[in-house]
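Participant: In the UniProt record's numbering, the protein residues as written are 1 to 192. Let me give you the structure first, and then I'll get to my questions.
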Amino acid sequence: IIKQNLSTCEQYTTCNECSTIPLCHWCSRENRCTATFECEYENQRTNRINMCAYIEQVIPQTITLNVLNIELQVMFNVPLRSDTNEYMCGFTFKNGEQLYRTNASLSHNIVKCFPPILNNMNQAIYNVVLSIEHVKGNVTFGSYSLIFLNCSNFASCSSCTLYSNLCLWNRETVKCIFQQNDRFLLSNNQSL
1 IIKQNLSTCE
11 QYTTCNECST
21 IPLCHWCSRE
31 NRCTATFECE
41 YENQRTNRIN
51 MCAYIEQVIP
61 QTITLNVLNI
71 ELQVMFNVPL
81 RSDTNEYMCG
91 FTFKNGEQLY
101 RTNASLSHNI
111 VKCFPPILNN
121 MNQAIYNVVL
131 SIEHVKGNVT
141 FGSYSLIFLN
151 CSNFASCSSC
161 TLYSNLCLWN
171 RETVKCIFQQ
181 NDRFLLSNNQ
191 SL
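Okay, structure coming up:
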């Protein structure tokens with residue numbers, strides 16, 4: 001019998017520290033060390049296989065609703081197992097509402113998948129959380145915040161040009177538009 005005070009798990013602040021302690025578990029989505037059974041997202045706990053893998057970067061991080069078929073490239077801190085058809089991309093809103101899940105592919109240590117198509121969205125900015133899941137192990141390797149933009153819902157030139165790589169201000173219609181519609185635009189170094 002092993003006797004351990006499970007409240008001590010919380011003192012470990014990194015995945016590497018946590019993974020060496022019996023009965024402690026790193027909850028990747030919550031980014032904290034807990035007793036094995038205490039992860040808030042029960043079906044998204046990590047296990048000992050690639051337990052400390054986390055998402056370092058996603059390209060692109062900002063996506064406009066006007067662009068379809070843009071593939072996300074997800075880079076990790078360590079190589080993942082290269083078994084095919086074992087990964088999924090999960091997308092949720094910041095409030096935890098499930099949005100979309102899709103198959104992902106792994107190629108040269110980069111997970112690739114397509115983001116959801118958000119239709120009939122009336123806000124300018126949507127914060128969406130991307131999680132990479134291992135299907136067979138029911139494991140989540142971490143999460144990453146993405147921004148989805150609806151350029152046409154920015155009401156002012158200044159808010160529109162904050163995302164100048166995707167949205168541009170149309171002087172003629174006095175509206176924010178997706179950057180590919182580049183006729184009659186106000187460039188970022190011009191003023192009204």
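Glycine is no exception: its CB is placed at the ideal position from the N, C-alpha and C atoms. These figures come from a predicted structure and were not determined experimentally.
May I have the straight-line CA-CA distance separating Ser28 from Val174, to the nearest angstrom?
Facilitator: Looking at the two C-alpha atoms, the distance is approximately 44 Å.
Participant: Could you compute how far the alpha carbon of Cys167 sits from the alpha carbon of Thr36?
Facilitator: Rounded to whole angstroms, Cys167 to Thr36 spans 45 Å at the Cα level.
Participant: Report back the beta-carbon spacing between Ile110 and Met75 to the nearest angstrom; my notes put them in contact at under 8 Å.
Facilitator: Contact holds; Cβ gap of about 6 Å.
Participant: Which stretch, first to last residue, makes up the alpha helix (DSSP H) that contains Ile172?
Facilitator: Residue 172 is actually Glu in this sequence, not Ile. Here Glu172 belongs to no alpha helix (DSSP H), and DSSP marks it neither H nor E.
Participant: Could you compute how far the alpha carbon of Asn103 sits from the alpha carbon of Val139?
Facilitator: Whole-angstrom Cα-Cα distance: 14 Å.
Participant: Taking all protein chains shown into account, do 16 or more other C-beta atoms lie within 10 angstroms of the C-beta of Gly96, making it buried, or fewer, making it exposed?
Facilitator: The residue in question, Gly96, is exposed, as its Cβ has fewer than 16 Cβ neighbours within 10 Å.
Participant: Distance, Cα to Cα, Leu65 vs Thr8?
Facilitator: If I take the Cα positions, the gap works out to 45 Å.
Participant: Return the chain-ordered ranges of every beta strand (DSSP E) run that is complete within the region 74 to 144 and spans a minimum of 3 residues.
Facilitator: DSSP runs (the beta strand (DSSP E)) wholly in the region 74 to 144: 87 to 93, 98 to 107, 110 to 113 and 125 to 134.
Participant: With 16 as the cutoff for other CB atoms within 10 Å, does Thr34 come out buried or exposed?
Facilitator: By the 10 Å Cβ count, Thr34 comes out buried.
Participant: Using 8 Å for Cβ pairs, my map puts Arg101 next to Gly90. What's the rounded Cβ distance?
Facilitator: Contact flag correct, Cβ pair sits at about 5 Å.
Participant: Per DSSP, Cys33 is paired with what?
Facilitator: Its beta-bridge partners are Trp26.
Participant: Does the Cβ of Ala155 have 16 or more other Cβ atoms within 10 Å, making it buried, or fewer, making it exposed?
Facilitator: By the neighbour-count rule (16 or more Cβ atoms within 10 Å), Ala155 is not buried but exposed.
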